[in-house]
Amino acid sequence: MSATTDTFALTTFRYSSETKTFFKKTVGRSLGPREVLIQTTHAGICYTDVHAKEKGCGLGHEGVGFVLFIGRDVKSIQYCAEARGFAYGELDQGAFGDYAMWDETFVYRIPDGIESREAAPLMCAGASVYEALDAAGTKPSDRVGIVGMGGLGHMALIFADSMGYAVTVFSNSERKMADATLMGADEFWMLKRPGEYVNLNGATAQSSTPSPINVLLITSNEVPDLGPLLLFLARRATIVLMTIQLKPLLVPYMAFILPGHRIIVSTEASRKNHLAMLEFADRKGAAPLIEEFPMTEAGLKLAFAKLERGEMRYRGVLVAQEPEHGRKRQQVSSESEDGD
1 MSATTDTFAL TTFRYSSETK TFFKKTVGRS LGPREVLIQT THAGICYTDV HAKEKGCGLG
61 HEGVGFVLFI GRDVKSIQYC AEARGFAYGE LDQGAFGDYA MWDETFVYRI PDGIESREAA
121 PLMCAGASVY EALDAAGTKP SDRVGIVGMG GLGHMALIFA DSMGYAVTVF SNSERKMADA
181 TLMGADEFWM LKRPGEYVNL NGATAQSSTP SPINVLLITS NEVPDLGPLL LFLARRATIV
241 LMTIQLKPLL VPYMAFILPG HRIIVSTEAS RKNHLAMLEF ADRKGAAPLI EEFPMTEAGL
301 KLAFAKLERG EMRYRGVLVA QEPEHGRKRQ QVSSESEDGD
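This is the structure:
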């Protein structure tokens with residue numbers, strides 16, 4: 001690992017909305033004085049990539065790899081988490097490729113106890129839910145509710161349980177109940193029909209006494225009807241919106257304001273919480289449940305199809321096929337977000 005002024009070829013997968021296929025594009029780029037060249041080994045797949053693929057940009061924002069070269073002014077090598085602003089800042093780079101260049105500010109060292117394939121999803125899902133729980137001011141005695149048990153929601157469940165919170169999960173899939181219980185949920189409610197959640201015994205919120213929720217994380221692909229969910233909330237509960245959508249938010253006004261609830265939004269993570277999340281995940285052994293796919297055109301096609309059909313269990317990870325990494329280098333990940 002040494003300083004260099006060479007120009008490197010960076011090859012990244014992107015998507016053509018015309019041909020409906022994934023393809024590679026290579027661009028040449030010189031290493032900046034404060035930049036780090038990373039050889040990618042693993043990349044997580046987030047639902048944000050589904051939104052981003054139509055833009056024609058370099059895809060992927062959960063990259064993990066090894067440092068190959070550093071710019072002449074680089075002072076430290078750290079772990080990096082690539083976040084959701086990537087499509088607007090770096091159109092020619094992404095984690096779905098062979099190499100990437102990032103400013104050292106956004107490169108963070110991965111703790112030795114975290115495997116690269118498990119580290120990749122932590123860079124978005126892990127950091128996002130850690131930030132959300134912190135932003136909500138979640139207290140040790142609180143109960144956390146999680147709406148949607150997909151890639152983001154299952155990570156929220158794993159982290160919340162590891163932090164010692166009681167957890168309630170809301171899902172529209174009964175088959176996820178067993179997984180939710182294994183991950184630490186002690187209450188599971190299924191959307192039986194529009195506007196009505198039922199538990200294992202078929203009881204509704206009106207016909208039973210559900211445990212009051214203090215912090216409710218909305219991690220589903222779309223914000224659901226909030227009316228039925230308000231029935232589960234404790235007084236002065238906090239609803240955290242983590243969903244990216246263009247639809248307007250509708251709130252049942254009186255049912256929302258009379259108990260003194262509040263809504264906050266949390267879609268990214270500060271640098272401080274990225275670092276805290278990595279330390280926490282390492283210390284607690286909190287890891288995502290993943291499915292691996294080859295980082296090839298066929299692998300991306302299969303992975304995106306499973307993700308868009310809601311069949312991913314629970315976070316997809318692309319594994320670089322070439323070249324083989326013969327010697328150990330410092331393990332890192334990449335981020336294109338403005339850090340705090």
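Here the UniProt record's numbering is used: position 308 in the sequence shown is 308, and no number is missing along the way.
Glycine is no exception: its CB is placed at the ideal position from the N, C-alpha and C atoms.
- The alpha-carbon of Met183 is positioned some 13 Å away from that of Lys284.
- A distance below 6 Å between beta-carbons, with the five flanking residues on each side excluded, links Thr238 to the following residues of its chain, in chain order: Ala136, Val215 and Arg262.
- By the Cβ rule, the stretch 119-138 counts as touching the stretch 268-281, because three or more pairs are nearer than 8 Å.
- Counting only the Cα atoms, Met295 lies some 48 Å from Ile257.
- Counting along the chain, no beta strand (DSSP E) covers Ala320, and no H or E run does either.
- It is roughly 20 Å from the alpha-carbon of Ser76 to the alpha-carbon of Asp6.
- Residue range Gly151 to Ser162 is occupied by the alpha helix (DSSP H) that includes His154.
- Between Thr40 and Ala125, the C-beta spacing is not below 8 Å.
- Take the alpha-carbon of Cys57 and the one of Tyr47: they are about 15 Å apart.
- Contact annotation, Pro33 with Asp73: C-beta distance approximately 4 Å; criterion of less than 8 Å satisfied.
- Taking Pro194 as the centre and dropping the five residues before and after it, the same chain places no C-beta closer than 6 Å to its C-beta.
- In the DSSP assignment, His42 falls within the beta strand (DSSP E) that extends over Glu35 to Ile45.
- In the three-state reduction of the DSSP assignment, Leu182 falls in the helix class.
- In the DSSP assignment, Tyr165 falls outside any alpha helix (DSSP H) and carries neither an H nor an E.
- Boundaries cannot be given for Ala95, as no alpha helix (DSSP H) includes it and DSSP labels it neither H nor E.
- Shown here for Leu91: same chain residues with a beta carbon closer than 6 Å to its own, the five before and five after excluded, namely Cys57 in chain order.
- Pairing Gly310 with Ile290, the inter-Cα distance amounts to about 14 Å.
- In the three-state DSSP reduction, Ser220 falls in the coil class, being neither helix nor strand.
- If you draw a 10 Å sphere on the C-beta of Phe23, you find fewer than 16 other C-beta atoms in it, and that means exposed.
- DSSP, reduced to helix, strand and coil, places Ile290 within a strand of the structure shown.
- Between Arg143 and Ser208, the C-beta gap is not smaller than 8 Å, which leaves the two residues out of contact.
- Look at Thr48 here: in three-state DSSP terms it is helix.
- Here the alpha carbons of Thr19 and Leu122 stand approximately 32 Å from one another.
- According to DSSP, Gly145 shares a beta bridge with Thr168 and Leu216.
- If you look at Glu187, you'll find it in the beta strand (DSSP E) that goes Glu187 to Arg193.
- Where Arg14 is concerned, the enclosing beta strand (DSSP E) starts and stops at Thr7 to Ser16.
- The beta carbon of Glu174 sits closer than 8 Å to the beta carbons of Met190 from its chain, once the five residues preceding and following it are set aside; these are given in chain order.
- Secondary structure note for Asp282: it is in no beta strand (DSSP E), and the uninterrupted alpha helix (DSSP H) holding it is Arg271 to Lys284.
- Between Glu279 and the set His154, Pro224, Leu152 and Ala119, the nearest pair of CA atoms involves Ala119.
- Around Gly65, the same chain offers Ile38, Gln39, Thr40 and Thr41 as residues with beta carbons nearer than 6 Å, after the five sequence neighbours per side are excluded.
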